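Position 238 of the sequence shown, counting from 1, maps to 228 under the working numbering, and the rest follow consecutively.
Ideal Cβ positions, reconstructed from N, Cα and C, are used throughout, including at glycine.
Note that the coordinates shown come from a computational prediction; the quantities given were computed from them, not determined experimentally.
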Amino acid sequence: MLLGVACLKKCLLVLAVIILTSLALISCGGSSSKSSSSSSSSSTPKPSGLKFRAVVSQDVQSTIATPGLILIDALKDLRANVGQIGAGSMAPAALFLSSDRKITVAVSIDQNRLVVLNNNTEAISAIGTIQLPGNTESLVTSADNGTAYAAVPNAPVPGGESVGAIAIVNLNTGGTPPTLPIPGVHYLTESGDGSKILAFSDNTDLTQLSNVQTVTVVSPFNIVAGSKNAVCNPAPPNPVVCQYVTGFDHPVAGFFSSDNTQAWILNCGPECGGTQASIQLLDLHDPANPVAGPPTPVPGGATVGFMQNQTLYVAGNPPVGSNTCAGGPTTAATTCGRLTIVNLATLPQATPIQPTAVIPDGYHTHIDISGDGQLFVGSRNCTNIVPATPGAEQRGCLAILNTNNGNLVIPPDNGDVTGMTPITNRTVFYLVEGGELRIYDTTTDKIYLLQSIDIFGNAVDVKLIDF
């Protein structure tokens, strides 16, 4: 939030940046050299007049800011010359993009409401604000963009069952969403063809077996249409909706193969109250009998991952006692996380896969890669190092690994990383850290200051909404 002297300082900074940017454009005769051909963007301009756009969520209400969605010209790294898109009565935070990039679902800062942005019309859907039965951190959309599935671990369930359900949101008509009870469901992963949703729960006893960790395989096509509340095992002749696969250790994420017949599961282990972080194959070749393979230990920790071809990049924290910063860049921080690079073709294996790099600690939630191979890894609640004197160490929750040569950079910035997106066919990367939208030059791994975009208030998430 920008108030008082802080507001004045920031406004003066913005004015200075605008003046410098204008001079740069006059002298150079155009936008920055970081822009590339617009061939990757949509051929049809939208109401904003832009062909290649990103959207940023802003959640603060103040004298100079209102919550909403802000469009960015992702070719020129400039704020769109249009007003902010209002999000009804809610303050938008996390953004979830459909696979075809036609819609963006924005979830409120309190995590229990959502609105839908039509990326073509640049307007909020007429269905308005949807109230969820509880809080969500994970959401996926159907291939036709008609339905959103939100994991709600604290959703009340009729009949006195354990809390937790998937809220099934009709994105065409809105209204109160029906639910599919799955105790403690916290995270979702959807297959490429939309035929399967993997549900990962906080609950440790989905099958009435003590200390059994379960992945629920949901078949959304089998959900009985029109039901006020869906069930995992509907009456015959309706097909089964849910199948339970045991043998995991606090699973948090999954990554499907290109043919959707198998998925690699991240087991969070100690960071989530379990025993061992690991990667585990879930075999889905037989739809009637999904099977869990043996786990491969990942001692560096596993709370988030990014898959590229047969390589899985995994970030997390090692157990206490092993989470020192030895082997990484010199720092005043006393605890650090780890990044592990996994060749999926070698799995499963009994030998633990050792970490590749020492990165900032915190709970790792974001990871993505630029077109030129720069891997960005972000966390929240990390050890921030604020420089006591000019030139002293500054460190936040971001690490950048050059996957081509192994070089690691911890940028001098502070704050939680809450959003990130690579910009297609350009050597820039958009990232939200400490409530600010940062634009990184992936050829230098430094913030690209010439085209700095100021977000009045507090930026939360960012998504590229054009191909």
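Does the distance between the C-beta of residue i and the nearest non-hydrogen atom of the ligand ZN fall short of 7 Å?
i, result
"Gln233", "What this structure holds is no ligand at all, so the ligand ZN is not there to describe."
Using only alpha-carbon positions, find the residue among the options that is nearest to residue i.
i, options, result
"Pro345", "Ala44, Gly363, Val399 and Pro289", "Pro289"
"Trp254", "Pro82, Pro241, Tyr177 and Ala133", "Pro241"
"Thr414", "Thr119, Thr53, Leu274 and Asp67", "Asp67"
"Ala70", "Ser52, Gly58 and Ala44", "Ala44"
"Leu87", "Arg416, Gly409, Gln252 and Pro401", "Gly409"
"Thr341", "Val332, Ala347 and Gly381", "Val332"
"Val367", "Gly58, Phe296, Ile429 and Ser312", "Phe296"
"Tyr234", "Asn257, Asn250, Ala278 and Phe245", "Ala278"
"Phe190", "Leu272, Ser217 and Gln101", "Leu272"
"Lys186", "Ile357, Cys232 and Glu112", "Cys232"
"Ile120", "Glu127, Val153 and Pro167", "Pro167"
"Ile60", "Thr432, Ser47 and Gly136", "Ser47"
"Ile357", "Ala243, Thr434 and Cys262", "Ala243"
"Thr330", "Leu256, Ala145, Asn219 and Glu180", "Leu256"
"Ser248", "Val72, Asn228 and His275", "His275"
"Pro37", "Gly58, Asn109 and Arg103", "Asn109"
Assuming contact is defined by CB atoms lying nearer than 8 Å, are residue i and residue j in contact in what I supplied?
i, j, result
"Gln537", "Pro287", "The structure shown has nothing for residue 537, since the chain only spans -9 to 457."
"Ile269", "Leu170", "no"
"Pro319", "Leu398", "yes"
"Pro82", "Asp49", "yes"
"Ala498", "Asp351", "This structure cannot settle anything about residue 498, because the visible part of the chain is limited to -9 through 457."
"Pro123", "Ala96", "no"
"Asn404", "Asn371", "no"
"Ile349", "Gly327", "yes"
"Asn395", "Gln364", "no"
"Pro210", "Tyr139", "yes"
"Ile455", "Thr94", "yes"
"Glu426", "Ile400", "no"
"Ile114", "Val105", "yes"
Go to residue i, then tell me how far its beta strand (DSSP E) extends in each direction, as first and last residue.
i, result
"Arg328", "Cys326 to Asn333"
"Cys232", "Cys232 to Phe238"
"Ala155", "Ala155 to Asn160"
"Arg370", "Gln364 to Arg370"
"Ala140", "Thr137 to Val142"
"Ser98", "Ile93 to Ser98"
"Glu151", "Run containing Glu151: none; DSSP gives neither H nor E here."
"Gly182", "Looking at the DSSP string, Gly182 is not in any beta strand (DSSP E), and its letter there is neither H nor E."
"Asp67", "Note, Asp67: premise wrong, no beta strand (DSSP E); not H, not E."
"Ala215", "Unbroken run through Ala215: none, as it is neither H nor E."
"Ala243", "Pro241 to Phe246"
"Pro171", "Thr169 to Pro171"
"Thr166", "Segment: none, Thr166 is in no beta strand (DSSP E) and carries neither H nor E."
Quick one: grab the DSSP three-state call for residue i.
i, result
"Gly352", "coil"
"Gly409", "strand"
"Pro287", "strand"
"Phe42", "coil"
"Asn108", "strand"
"Leu439", "helix"
"Glu261", "helix"
"Pro82", "strand"
"Pro309", "coil"
"Thr197", "The predicted model places Thr197 with a pLDDT of 47, which falls under 50 and marks its position as unreliable, so this point remains unresolved."
"Phe457", "coil"
"Thr321", "coil"
"Thr11", "No answer about Thr11 holds up, because its pLDDT of 41 lies below 50 and its placement is not dependable."
"Gly58", "strand"
"Thr336", "helix"
"Asn392", "strand"
"Pro210", "helix"
"Ile343", "coil"
"Leu398", "strand"
"His176", "strand"
"Phe464", "Examination of residue 464 is not possible in this model, given that the chain is present from -9 through 457 alone."
"Ala77", "coil"
"Asp451", "strand"
"Pro37", "coil"
Step through the CB atoms of chain C and report whether any lies within less than 8 Å of the CB of residue i.
i, result
"Leu170", "Given the protein chain composition of this structure (a single chain), no chain C is represented."
What is the C-beta distance between residue i and residue j, in whole angstroms, given that I count them as a contact (C-beta under 8 Å)?
i, j, result
"Asp362", "Thr321", "With a Cβ gap of about 26 Å, Asp362 and Thr321 do not count as contacting."
"Cys258", "Ala292", "6 Å"
"Pro402", "Arg428", "Not quite, the Cβ-Cβ distance comes to about 11 Å (not below 8 Å), so this is no contact."
"Leu388", "Val407", "5 Å"
"Asn125", "Val142", "7 Å"
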